[in-house]
Amino acid sequence: MDEAEFYPEGALVAVLTCEPLDRTLDYKAPAGGITRGAFVEVPLGPRRVLGCVWGPGEGGFDLSKARPVSAVLDVAPMREEMRQFLEKTAAYTLTPMPAMLRLATRAPGLMNPPSMRKVYRRGEGRVPRETDARRRVIGTLEEYGGLSFTLRELSDLAGVTSSVIRGMLPSGAVIEEDTPRDLPYRRLDAEAPGKALTGAQEAAAAALREAVAAEAYSTTLLKGVTGSGKTEVYLEAVAQALRRGRQALVLLPEIALTAEFLARFQERFGARPAEWHSGVTMTERRRLWKMVGEGGAEVVIGARSALFLPFRNLGLIVVDEEHDTSYKQEDGVLYNARDMAVLRASLCSAAVVLASATPSLETWANVEAGKYRRLDLESRFGPAVMPDMHALDMRAEKLPGNRFISEALANAVRKRMALGEQSLLFLNRRGYAPVTICRACGYQIACDHCDARMVEHRFLKRLMCHQCGATKPMPEACPSCGVEGRLAAVGPGVERLAEEVAERFPEAKCAVLSSDLFSTARALKEQIQLIAEGDTDIVIGTQLVAKGHNFPNLTLVGVIDADLGLQGSDLRAAERTFQLMRQVAGRAGRSEKRGVALLQTYQPDHPVIRAIIAGDEEGFWRAEAAERRAAGVPPYGRMAGIILSGPDLAVVNDVALHLTRVAGPLQRIGAQLFGPAPAPIARVRGRHRVRLLVKAEKGAALQVGVADWLRQVKLPNAVRLQIDIDPQSF
Ligand code: ADP
Ligand code: ZN
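Counting from 1, position 497 in the sequence shown corresponds to residue 500 in my numbering; the numbering is continuous, with no gaps.
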């Protein structure tokens, strides 16, 4: 990279701030001058705000009136490559630059010189007895999108005493996690020998080593069933990056996976990599952010936002479980970390490895089109093979309404227990029951703020909205008709399933793995560890267990409701169900013992269910691709979702209708407009949501058309507009 531009003392510099302004602001460079990319604090009205020196100032006004930069932060300036990454991501996702800057600086807390403290937005009413101080705490937590803090950090940020926060702890609103004391950035040993690879593994590893050594952009799909050794293989790519003195980033979809991964990593390289995710404290994040910029952190494993770390010399990005939907950020800047990883790598001449047992159709299409390379690991490592898969036809079962485990599945579980092996019962539904209905009047308890039913969580003794997180106590009487004692749970959630298991297998040791049952990442890690060590007979879990955990003694997977994901009109439903079922089934039989996967279904003849059972992946993808191509939807066409929301539905609808009348710019790019229609979730947190969908051909200038189109409306104050390029559901 060439030398950064330098602006001498007193020169005008354009500063991009994190404030929602649509342009940069001019300030005077401080004594000693300043380089482009430097992070600064600048005065804005009565406040000081965070900014980044973006270029030479434009002037054109009375120079003597330009205010000076207040302070230069003691962190490395933003590199040119990062700036380009932010600009391209902004252009792709149609996000204003200030929001991008926020994304890149918020997590490490650069945004918080003490002078920036302010009172934040109102909380969600999750906390009992709201006081001003408590509201500030909740506001701060919201502002930081679910990141974790130590007591000290949070009390500093929110400007409250720590006793305020302590008083809130029992409500579950504040999470306290320790900072790891032993600091991880010891040098990793690239030459430490890995496991002896099989022929297929070695071939794949060699190809990846070569891709990394090329120090040029490339993307490779590393495809192999769960347990085939993908991780083992991409660790070789990491070793290669280390040898070349380049940094590596490994993205994982679920932070619960990091514990297992860290242990393997430590074993391979003799030290831990750096971790970046919401469970890492602010102090630690700030330190890591700096280290990454200085090249001191060689390997980072993290959640999607790790893509925005200021790597000095990034040579490899691994996206593990690349098909995972959690790579799509659904809040704030809507980006897909898998796609942005490819963009980032192309800007810094790095290799990308997309690892998956069940790649996304997007990636599959890119392989077909020759844009990505594909490496296959055909079989599981060692004697392990994919489990036998069978459908259990539930139409023949006469289960009472409070039972969900068929006799056939129960017998299979008993057999495993007799053998001293583990079973997993999978149900992708948190809580006790998805619906609570009044048997007297038929009323179903719904969220006060969202268009969603409240889900009973019996362990917490509360009803919870899975859209907004609001909870309320389980009432004695029906909120609608007032009759007492007639409220009934309908349908299964994992907690209810656990109840049935306890009843039917009283001698079994059970563990429930569901994200809401663990308030800290550590508690979850410990539970997973216990299961892996074999201390459990029956694991009952949500999709948390589907992802990458290695339970060697687990030989039976029972899917309680294989049809669950096939309901609804989402065009991606088939793909998701296929991926999830294959992945869950892959939890069985990961060592010498052959596994079995039993899928309870009411539609054993559904083409997706049949493809899952047959394991006919290529056939499934081809059929799915043909359908999407015919419909002109992603990945064979482009889409953008526009979600308008506001407290008053009539006002929101007005804006939406107005937008349909000024759709000229969309016609110019040959795009079609659908809607307005209620968004998939029509009301969230008291805001009505209406969606418009734009569909265009693959080569169309979608972002240009959408931007030109939306520029024509001025939104009423209460209405918010969110642009979702490549939406997850359509
Ligand atoms: P995947 O990432 O495809 O699910 P992993 O890399 O996790 O597969 O491998 C599955 C298990 O097999 C792990 O416990 C791993 O350590 C082991 N394994 C894979 N390849 C080898 C090998 N060549 N030698 C020894 N153990 C291996
Ligand atoms: Zn709600």
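We put the beta carbon where it would ideally sit given N, CA and C, even for glycine. Just so it is clear, the structure is predicted and the values come from calculations on it, not from any experiment.
query, result
"Under 8 Å by Cβ, that's how I've got residue 495 and residue 563 pegged, so tell me the actual separation to the nearest angstrom.", "7 Å"
"Going along the chain, which unbroken runs of the beta strand (DSSP E) with 3 or more residues stay wholly within the segment 444–529?", "457–460, 465–468, 474–476, 490–493, 513–516"
"State the CB to CB distance for the pair residue 502 and residue 515, rounded to an integer number of angstroms; the pair is presumed to be in contact (CB under 8 Å).", "The Cβ separation is near 10 Å, so there is no contact."
"Is it buried or exposed for residue 429, if we count other Cβ within 10 angstroms and need 16 for buried?", "buried"
"For residue 309, I'd like the list of residues in its chain whose CB is within less than 8 Å of its CB, leaving aside the five on either flank, ordered along the chain.", "252, 254, 279, 280, 303"
"Helix, strand or coil for residue 23 per DSSP?", "coil"
"Taking the alpha-carbon positions, what's the residue 158 to residue 140 distance?", "8 Å"
"Go through the residues and name those whose CB comes closer than 6 Å to any heavy atom of the ligand ADP, in chain order.", "198, 199, 200, 201, 204, 227, 229, 230, 231, 232, 233, 234, 235, 384, 553"
"Helix, strand or coil for residue 393 per DSSP?", "strand"
"Classify residue 605: buried if its beta carbon has 16 or more other beta carbons within 10 angstroms, exposed otherwise.", "exposed"
"Return yes when the Cβ of residue 647 is within less than 7 Å of the Cβ of residue 591, no when it is not.", "no"
"Under three-state DSSP, which class holds residue 731?", "coil"
"In angstroms, rounded to a whole number, what distance separates the CA positions of residue 15 and residue 25?", "19 Å"
"Would you kindly check if the distance between the Cβ of residue 289 and the Cβ of residue 111 is under 7 Å?", "yes"
"Taking the C-alpha atoms as reference points, what is the distance between residue 722 and residue 404?", "44 Å"
"On the three-state DSSP scale, how would you describe residue 59?", "strand"
"Tell me the rounded alpha-carbon separation between residue 726 and residue 675.", "16 Å"
"Have a look at residue 688 and residue 582 and give me their C-alpha separation to the nearest angstrom.", "31 Å"
"By Cβ distance below 7 Å, which residues in the same chain neighbour residue 101 in space, the five residues on each side in sequence not counted?", "19, 20, 21, 22, 23, 24"
"Please give the ranges of any alpha helix (DSSP H) in the segment 206–272, keeping only runs that are unbroken, at least 4 residues long and fully inside the region.", "233–246, 261–272"
"At which residues does the beta strand (DSSP E) containing residue 672 begin and terminate?", "Unbroken run through residue 672: none, as it is neither H nor E."
"Could you please give the first and the last residue of the uninterrupted alpha helix (DSSP H) stretch that includes residue 85?", "83–96"
"Could you check what DSSP says for residue 2 in three-state terms: helix, strand or coil?", "Nothing can be reported for residue 2: it is not among the residues displayed for the chain, which extend from 4 to 733."
"If you run the structure through DSSP and keep just helix, strand and coil, what is residue 698?", "strand"
"For the putative contact between residue 228 and residue 360, defined by C-beta atoms under 8 Å, what is the C-beta separation to the nearest angstrom?", "5 Å"
"Bridge partners of residue 278, per DSSP?", "304"
"May I ask you to report which of helix, strand or coil DSSP gives residue 44?", "strand"
"May I have the straight-line CA-CA distance separating residue 718 from residue 29, to the nearest angstrom?", "28 Å"
"Three or more beta-carbon pairs under 8 Å between the segment 198–206 and the segment 329–342, yes or no?", "no"
"Beta carbon of residue 3, beta carbon of residue 602: below 7 Å?", "Examination of residue 3 is not possible in this model, given that the chain is present from 4 through 733 alone."
"Taking a contact to mean a Cβ-Cβ separation below 7 Å, would you say residue 43 touches residue 75 in this structure?", "yes"
"Put residue 339 into one of helix, strand or coil per three-state DSSP.", "strand"
"Mind checking whether residue 468 and residue 453 have CB atoms under 7 Å apart?", "yes"
"Give me the DSSP bridge partner(s) of residue 691.", "649, 686"
"Using 8 Å as the threshold, is the segment 316–330 in touch with the segment 237–252, meaning 3 or more CB pairs across them?", "yes"
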